[in-house]
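Engineer:
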Amino acid sequence: MNRIKKAVCILVLGLIALNLTACAPKVQAADLMAGITGNKVQGKAADDRFIGNTADFSLELFKRSVAEKENSLVSPLSVLLALAMTANGADSETLAEMEAVLGKDISLEDLNEYLYTYVKHLPSEKNSRLSIANSIWFRDDENRFTVERDFLQKNADYYNAAAYKAPFDNQTLKDINTWVQEKTENMIDKILDEINEDAVMYLINAILFEAEWQQVYNKANIREGEFTAVDGDKEQAEFMYSEENIYLESDQAAGFIKPYAGNYSFAALLPSEGIAIEDFIQGLTGDEFMHILDSAENTAVNAGLPKFSYAYTIQMNEVLKDMGMPLAFSAKDADFSRLGRSSRGNLFIGEVLHKTFIQVDERGTKAGAVTKVEIRDEAYYEVKNVVLDRPFIYAIIDNDSKLPLFIGSVMQIAD
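And the structure:
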């Protein structure tokens, strides 16, 4: 696959905003993996198959997660990491379904190797910062639930996952949410409102991204304008104008790439007049998305980008079932025998919850994502011009693979 290192968008997986103060709460539960060195793994460098399959997963997840007439944002990488950790506890048909959804024709063993190397080589610099953290929390009740040590070790080896054995009481609730706050620097303040009495494990991924534009906007570049929302309403917005040199075009859209300082970029695609944003999104495939990026032209672009900021939350159970892994959510038929054992019944995924946040302004971008996978043990029911002045999609990608860390849609600007 052709690489255009300069022209890449990196889907923003990041959380940033308010810095934690010295008096901020700290996690009280002990990390069972603290001080334990993970086993050495070989890893696999990202190749065309991994990039293509991951792009397909990313776009399929995005398409199925878009909220009608509302701003949306998902971090495919965050969801992929949380579910890959979970899949290391799956077996038989449950594992086969999860492998097909997460990696298509890539086995879980190979996917672990690919993700280990991919994450390890994602750059993080002073003006372009990316932080990824994983944790596993399980119920401290050996009469009810026993975790498989091989499962914890594998996720420590490949995902550097911390492991916490906890009573699953109010203190554990505080600890999990404090961990989320710390890893996202308070951009996302919590992932749990309560601990379900049927929950025996939580697998959590957090991603923090903060980057300055390579060329920061000045006051002269910022002008008031009108954004036409998805329902046709005219909204006042502040537009940031710049001359970029990477132009994107397809049969149905035009756009641009704006680089951050470092090895990440912001890519935007504006559907052509007469093409509804919903139709454009649903028709976009991973292969086409990557082709648009690979076919970028070095052409002057007068780019207009509105300032925007929003948070998004989605429960992904139905999305993931529809993508092809219903067994993992079946209290009766799920097979997570490699994860652990419960005296109360079969283990299954009770909920996959995904939270994101993004802020785009004249200085750069802050974005964050948290994905929670809850394991339960009891039945659960279940010079060209591109001005982004109407609904558009965007992505934050790393410049080497062009895979989106974040991908979203802007349907409106007003809160």
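If you read the sequence shown in our numbering, its first letter stands for residue 746, the second for the next number, and so on.
Cβ atoms here follow ideal geometry from the backbone N, Cα and C, with glycine treated the same way.
1. Please classify valine 1157: is it buried, with 16 or more other beta-carbons within 10 angstroms of its beta-carbon, or exposed?
2. Distance check for glutamate 927 and aspartate 934, CA to CA, integer angstroms please.
3. State the DSSP-derived secondary structure class of leucine 1092, mapped to helix, strand or coil.
4. Between lysine 910 and leucine 777, what straight-line distance do the alpha-carbon atoms span, to the nearest angstrom?
5. By alpha-carbon positions, which one of Leu1150, Phe1074, Val1155, Ser1154 ends up nearest to leucine 860?
6. Determine, using beta carbons only, whether isoleucine 1120 and alanine 841 come nearer to each other than 8 Å.
7. On the three-state DSSP scale, how would you describe lysine 964?
8. Quick check on glutamine 1157: does DSSP put it in helix, strand or coil?
9. Please list, in chain order, all residues of the same chain as threonine 1116 whose beta carbon is under 6 Å from its beta carbon, the five residues on each side excluded.
10. Please report the distance separating the alpha-carbon of leucine 1084 from that of serine 1010.
11. Report buried or exposed for serine 1017, applying the criterion of at least 16 other Cβ atoms within 10 angstroms of its Cβ.
12. Just confirm the distance between the C-beta atoms of methionine 705 and isoleucine 881, as a whole number of angstroms; I'd bet it's less than 8 Å.
13. What is the DSSP secondary structure of asparagine 1144, counted as helix, strand or coil?
14. Can you grab the Cα-Cα spacing for the pair methionine 1035 / aspartate 1145, in whole Å?
15. Please classify glutamine 1104: is it buried, with 16 or more other beta-carbons within 10 angstroms of its beta-carbon, or exposed?
16. Would you report the Cα separation of aspartate 920 and threonine 929, rounded to the nearest angstrom?
17. Whose C-beta lies closer than 6 Å to the C-beta of glutamate 1042 among residues of the same chain, with five residues either side of it excluded?
18. Go through the region 910-985 residue by residue and report every complete run of the alpha helix (DSSP H) that reaches 4 residues or more, in order.
19. Cβ of aspartate 836 within 8 Å of Cβ of aspartate 1080?
20. Taking Cβ to Cβ, would you say methionine 830 is nearer than 8 Å to leucine 948?
21. So, under 8 Å CB-CB, leucine 1057 and leucine 818 are touching, yes? Tell me the CB distance rounded to an integer number of Å.
22. Taking DSSP as the reference, what is the three-state secondary structure of valine 811?
23. Out of curiosity, what's the CA-to-CA distance linking glutamate 983 and phenylalanine 972?
24. Straight-line CA distance for phenylalanine 807 to lysine 785?
25. Can you check whether the CB of valine 1155 is closer than 8 Å to the CB of phenylalanine 1053?
26. CA-CA distance, aspartate 1143 and serine 873?
27. Starting from leucine 1009, trace the beta strand (DSSP E) in both directions and tell me its first and last residue.
28. State the DSSP-derived secondary structure class of leucine 818, mapped to helix, strand or coil.
Structural biologist: The structure says:
1. Looking up residue 1157 in the sequence shown gives position 412. According to the sequence displayed, residue 1157 carries glutamine and not valine. Glutamine 1157 should be labelled buried.
2. Along the sequence shown, one-based indexing puts residue 934 at 189. Along the sequence shown, one-based indexing puts residue 927 at 182. Rounded to whole angstroms, aspartate 934 to glutamate 927 spans 9 Å at the Cα level.
3. One-based indexing of the sequence shown puts residue 1092 at position 347. Three-state result, leucine 1092: coil.
4. As a first step, residue 910 is located in the sequence shown; it is residue number 165 there, counting from the start. As a first step, residue 777 is located in the sequence shown; it is residue number 32 there, counting from the start. In a straight line, the C-alpha of lysine 910 is about 7 Å away from that of leucine 777.
5. In the sequence shown, the residue the question calls residue 860 occupies position 115. Here the closest residue by C-alpha is Leu1150.
6. Within the sequence shown, numbered from 1, the residue matching residue 1120 stands at position 375. Within the sequence shown, numbered from 1, the residue matching residue 841 stands at position 96. Cβ atoms of isoleucine 1120 and alanine 841: not closer than 8 Å.
7. As a first step, residue 964 must be located in the sequence shown, where it is residue number 219. Lysine 964 falls in the helix class under three-state DSSP.
8. Translated into positions along the sequence shown, residue 1157 becomes position 412. DSSP places glutamine 1157 in coil when its eight states are reduced to three.
9. Along the sequence shown, read from residue 1 onward, the residue named residue 1116 stands at position 371. Within the same chain, threonine 1116 has close Cβ partners Ser823, Val824, Ala827, Asn950, His1099.
10. The residue you call residue 1084 lines up with position 339 of the sequence shown. The residue you call residue 1010 lines up with position 265 of the sequence shown. Their backbone Cα atoms lie some 38 Å apart in a straight line.
11. As a working mapping, residue 1017 is identified with position 272 in the sequence shown. Answer is exposed; the Cβ neighbour count stays below 16.
12. Because the chain in this structure spans residues 746 to 1160, residue 705 falls outside the shown range and cannot be described.
13. Residue numbering aside, residue 1144 sits at position 399 when the sequence shown is read from its first letter. Reduced to three states, the DSSP call for asparagine 1144 is coil.
14. Numbered from its first residue, the sequence shown carries residue 1035 at position 290. Numbered from its first residue, the sequence shown carries residue 1145 at position 400. Methionine 1035 and aspartate 1145: Cα-Cα distance of roughly 12 Å.
15. Numbered from its first residue, the sequence shown carries residue 1104 at position 359. Classification of glutamine 1104: buried, given that the 10 Å Cβ count is 16 or more.
16. Against the sequence shown, residue 920 aligns to sequence position 175. Against the sequence shown, residue 929 aligns to sequence position 184. About 14 Å.
17. Start at 1 with the first residue of the sequence shown, and residue 1042 comes out as number 297. Cβ within range, chain order: Tyr992.
18. 915-928
19. Locating residue 836 in the sequence shown gives position 91, where the first residue counts as 1. Locating residue 1080 in the sequence shown gives position 335, where the first residue counts as 1. Cβ atoms of aspartate 836 and aspartate 1080: closer than 8 Å.
20. As a working note, residue 830 is residue 85 in the sequence shown. As a working note, residue 948 is residue 203 in the sequence shown. Contact flag set, yes.
21. As a position in the sequence shown, residue 1057 is number 312, starting the count at 1. As a position in the sequence shown, residue 818 is number 73, starting the count at 1. Reading off the sequence, residue 1057 comes out as tyrosine, not leucine. Confirmed, Cβ separation roughly 5 Å.
22. Locating residue 811 in the sequence shown gives position 66, where the first residue counts as 1. The answer is coil: DSSP assigns valine 811 none of H, G, I, E or B.
23. Within the sequence shown, residue 983 is the residue found at index 238, counting from 1. Within the sequence shown, residue 972 is the residue found at index 227, counting from 1. Taking the straight line joining both Cα atoms gives about 9 Å.
24. Here the question's residue 807 lines up with position 62 in the sequence shown. Here the question's residue 785 lines up with position 40 in the sequence shown. So the two alpha carbons sit approximately 34 Å from each other.
25. What you label residue 1053 is simply residue 308 of the sequence shown in a count that begins at 1. What you label residue 1155 is simply residue 410 of the sequence shown in a count that begins at 1. Result yes, Cβ atoms of phenylalanine 1053 and valine 1155 sit closer than 8 Å.
26. The sequence position of residue 1143 within the sequence shown is 398, counting from 1. The sequence position of residue 873 within the sequence shown is 128, counting from 1. Their Cα atoms are separated by approximately 11 Å.
27. Stepping through the sequence shown from its first residue, residue 1009 is reached at position 264. Looking at the sequence itself, residue 1009 is tyrosine, so the reference to leucine does not match. That run of the beta strand (DSSP E) goes 1009-1016.
28. On the sequence shown, position 73 is the one that residue 818 refers to. If DSSP states are grouped into helix, strand and coil, leucine 818 belongs with the strands.
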